[in-house]
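Everything below concerns the one structure shown next.
Residue numbers (my numbering): 1428 to 1825.
Quick look at the structure:
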């Protein structure tokens, strides 16, 4: 991610399933270059072209971009209030649509909310049409294999081979968001534990909710920390970020250098909720192959090829986004304590080249900006339309 530091949480309304699964249904998925995002291409309501969905275990209700809905002629016939990371919001809603899964299997009469997703999709390498999670997980035993990049769906109760997996009991938050316990340890040896929301749509390790942060004085206990801004579906929020020693999920402890957590400052929404530690994101979740059995209230985890992946040290001071037509790469946010900010780069500036290199894929720019103890030239257009060039020193930020 570019971090999605908040998701929609609510109760997904699934009216009925007319077609049943009598066999395994395999859904190939696309994994983002940074391994934090899953994209599913699914036919929708007998449309000739598929829709691209961002898969998110933290999405308790399915969404489709409002512009896409208008272009496809989808009928708006209801509305709903949903609680998210930034608080409550009212959404237009569609009822009675069909989600094709393959092998003549479909979820009928699906209810989906509409919203402008352009602000969110601009932060990703792929422009997706919607967000989906509990729509599938509420209805099917779901196996996610990152090695083959395949999501397999079965009827609940199907006998699978769980021998290599660890079984983790879960509860549900807000209707259908998985909640389970974790332990994390700071660099000073202090350990903390509690329940987290299992949210693969958040491209982070762990976001600690404001009440938990304040109760345990975590900001003061982090030895290395910075402040930055993050984006969710509807707004921006401020976070503190700091290095920790390890995170433990079940029997598996992830202990690597440069592993950081974020501390929320939200006053409303899920990240302001009491009674939970916060949100565990895809930088931890995607290190495991998964079997999600919502019917039995368990998740099975097995370390995969991403388990030993190192965390990238924080050197790049800039996060990027695409323009609305994806023809330009712009600055989405910038860490204010860095040389890039001091030299005048600001949110909204349009990047023309870095070290003379031009790309339409911002991951290429991110690679250049992760080279520690180097100097780079950034050519850009500022908010006044002036073309400028600055030379930046890249050093470790955290």
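Backbone N, C-alpha and C define an ideal beta-carbon position, used for all residues, glycine too.
Remember, predicted model here, so these are calculated numbers, not experimental data.
Beta-carbon proximity of residue i to residue j, cut-off 8 Å
| i | j | result |
| --- | --- | --- |
| residue 1530 | residue 1452 | yes |
| residue 1614 | residue 1553 | no |
| residue 1817 | residue 1808 | no |
| residue 1527 | residue 1470 | yes |
| residue 1557 | residue 1482 | no |
| residue 1604 | residue 1487 | yes |
| residue 1797 | residue 1743 | yes |
| residue 1564 | residue 1484 | yes |
| residue 1716 | residue 1573 | yes |
| residue 1467 | residue 1559 | yes |
| residue 1490 | residue 1542 | yes |
| residue 1668 | residue 1653 | yes |
| residue 1834 | residue 1805 | Residue 1834 cannot be examined here, being either before or after the span of the chain that is shown, 1428 to 1825. |
| residue 1756 | residue 1749 | yes |
| residue 1636 | residue 1699 | yes |
| residue 1625 | residue 1619 | no |
| residue 1651 | residue 1825 | yes |
| residue 1575 | residue 1537 | no |
| residue 1751 | residue 1545 | yes |
| residue 1781 | residue 1792 | yes |
Burial state of residue i (16 or more Cβ within 10 Å)
| i | result |
| --- | --- |
| residue 1710 | buried |
| residue 1788 | exposed |
| residue 1627 | buried |
| residue 1584 | exposed |
| residue 1784 | exposed |
| residue 1776 | buried |
| residue 1820 | exposed |
| residue 1555 | buried |
| residue 1747 | buried |
| residue 1633 | buried |
| residue 1577 | exposed |
| residue 1459 | buried |
| residue 1696 | buried |
| residue 1501 | buried |
| residue 1764 | exposed |
| residue 1753 | exposed |
| residue 1812 | exposed |
| residue 1657 | buried |
| residue 1810 | exposed |
| residue 1683 | exposed |
| residue 1714 | buried |
| residue 1664 | buried |
| residue 1548 | buried |
| residue 1447 | Any reading at residue 1447 must be qualified, since the residue scores a pLDDT of 49, below 50, and its modelled position is unreliable; no value is offered. |
Rounded distance between the beta-carbons of residue j and residue i, thought under 8 Å
| i | j | result |
| --- | --- | --- |
| residue 1454 | residue 1580 | 7 Å |
| residue 1670 | residue 1685 | 7 Å |
| residue 1506 | residue 1524 | The pair is not a contact, with the Cβ atoms about 16 Å apart (cut-off 8 Å). |
| residue 1766 | residue 1703 | Not a contact, Cβ separation roughly 37 Å. |
Neighbour flag for residue i against chain C, beta carbons, 8 Å
| i | result |
| --- | --- |
| residue 1561 | Checking the listed chains, one finds no chain C in this structure; it contains a single protein chain. |
Report yes or no: do three or more beta-carbon pairs, one from the region 1721–1737 and one from the region 1764–1773, lie closer than 8 Å? no
State whether the region 1459–1472 contacts the region 1582–1600, with contact taken as three or more CB pairs (one from each stretch) at a distance under 8 Å. no
Quick test of the definition: if touching needs 3 or more C-beta pairs under 8 Å, does the region 1676–1693 touch the region 1631–1649? yes
Does the region 1563–1581 come within contact of the region 1698–1707, defined as at least 3 CB pairs closer than 8 Å? no
For the region 1530–1604, list the alpha helix (DSSP H) runs that are entirely contained and at least 4 residues long, ordered along the chain. Counting only runs of 4 or more, we get 1545–1548, 1561–1564.
Ignoring anything shorter than 4 residues or poking outside the region 1783–1816, list the alpha helix (DSSP H) runs there in chain order. 1789–1795
Go through the region 1654–1733 residue by residue and report every complete run of the beta strand (DSSP E) that reaches 3 residues or more, in order. 1663–1676, 1679–1681, 1687–1691, 1705–1707, 1715–1720, 1725–1730
3 or more residues per run - each beta strand (DSSP E) lying fully within the region 1734–1779: Within the region 1734–1779, the complete beta strand (DSSP E) segments at least 3 residues long are 1745–1749, 1756–1761, listed from N- to C-terminus.
Taking only runs of the alpha helix (DSSP H) that begin and end inside the region 1627–1656, which ones reach a length of at least 4 residues, in chain order? 1637–1642, 1645–1648
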